[in-house]
Structure formats: structure tokens, C-alpha cells
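Here the sequence shown stands for residues 893 to 1148, where the numbers follow this note's numbering.
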Amino acid sequence: MEDKYHTAPIKIAKSFPLEDELAVMVMDVSPGMLEGDCYELEWTAGEGSGIYVTNQSFMKVHPCPDGRGAALKQRFSLAPGAFVQHMPEPVMLYKDAKFASDTVVHLAPGSAWMQAEVLCPGRTLRGEVFAYRRFDNRLAVYYGDELIFAQRQRIEPAVQPLSSAGCWDDKTHFGTFYLFSDKIDGSHPAAVREALDALPQTAGREVLYGVTLTHRHGLAVSAAAGAAWPLQQVLEAAWTCARSAVFGKQPLRFRK
């Protein structure tokens, strides 16, 4: 890591050397995101660099009684050959929370960007299931100057029939895995799907998932379940398979 700058409550807690990559732990030293908070994170990956970014715990969004909400803005700029993996812990939306997340990625030729996300419906053991106000999630990916992917997910439990058949039905947690690289080809969705089909399913915690190519240079996995941990297992399997099938990389190993 050549340079870093942060202000409270966000900081780089620690970096960990890997075989040919660097793992970075981002820490939020507050109890979580409160109404009016806006976190802005900008990452610049140099040519040929490899980085794995995660955080220390769930991103907790507290109640927003005034309706202003909390916001997260993330920007990733990748030089040629950069390899960025953004794997945060799940998002936890408390009762009356309102949260907007906006991520923009700029890819150069030969670079690769991955991200896995899990959305929790609230503190389920406290009866908070879809009791939040709104979740607005946006992702835009550019290859050079071309917009190759744009996604928006807006969930408003009070006005949407989330438990209806054809919507979320009996599922409460949602997860996604994205990979964007000009090395992706038509064989890679089948490889990821095969890896996910090989995972054991736990009774009562079954995961529904789908794998597809995006319009250009992208692969997407969407999954739904009744808890966070089965989704994390599925997305980790997709990530591990993608590392191997697309880039010939082994699973990450932290040095002892």
C-alpha cells in the first residue's frame, strides 16, 4: 500500500500479506451508521496490483426517524492488470433504517473487479424482518469510457409485497456476487454453477441462486435464503471458483 488517508470513524485497521496480493481490513469505530452519516471510500489500484478488501463486522444501519437516512459512496479505479476483490461483511438494516449505497467502478484493460454483498432484513431474533424504511443500492461499471453495467435495487418493505410468490416468497436475505473482467467468456457461468450445485444444502436453510453473464465483460450471481450464513457460503464458493476458472488463482492463504 503506497498511501492512505482516512478520518474517523473509518480507518484502515490492518493489512495482511498474501502470496501475491494484499488483504486490507477497513474498520468502523462507531456503533454503526446513524441518520445523516455519509461514508465515502475511494480506492485506486495501481498497475498489476492485487488487493482483497473487507471490513471487521456487519455494516449496521441504525433507525432513521427523521427520514434523512444514511449513505455510502464507493469509487474503485483500476489500472491495467489490477485485481481488486471487495468482500465486505453483510449489511444489517435496523428497524426504521434508510440506507443508500452507490458504487462506481472504472476498469482498465486487463483489470478485474469482484464484489460480494449480503443484505439482512433486520435483527431477526428481535423480530425485525423487513421493518426498515428503504434500501437503495446502485452499481455502475465502466470499461474505459464505456458504461458496461448499471444496476439499481430499491426495496421499500412498507409498500412492496416482498413475501409474495414471484417476489422474495419465504426468503428474507439476499446476496449478490459480481465479477467484471475482459477475461470472462461463455464457459465461466457453467463452471460457477457447477461449483454451487456441488454445495450441500441445509434443511430449512436452502439457498436459491442463479448465474449469468452480463451485457459485456461481466458475470453475476444472485441468491436468496432465510439466513446470512448460507448466502455467505454460496458467494464464497462463487468467488473461489471464479478465481480459479477465470484467473487460475488458488484460494487465498493468509501467511502465518
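A virtual CB, placed ideally from N, CA and C, is assigned to each residue, including glycine. Since this is a predicted model, take the numbers as computed values, not measurements.
- V976 is a Cβ neighbour of W935, given a cutoff of 8 Å.
- In terms of CA proximity to R1044, A1032 leads the group F1072, E1038, A1032 and A1004.
- For A1032, the enclosing beta strand (DSSP E) stretches over residues R1026 to Y1035.
- Sequence-distant partners of P1053 (beyond 5 residues in either direction) whose C-beta falls short of 7 Å from its own C-beta, in its chain, are C1059.
- The C-alpha of Y986 lies about 33 Å from the C-alpha of A1134.
- As DSSP reads the structure, P909 sits in a beta bridge with L914.
- DSSP places E1128 within a helical segment (H, G or I) once states are collapsed to three.
- Taking the C-beta atoms as reference points, S993 is found nearer than 8 Å to R1030.
- Here DSSP, grouped into helix, strand and coil, assigns S922 to coil.
- L1017: not part of any alpha helix (DSSP H); DSSP gives it neither H nor E.
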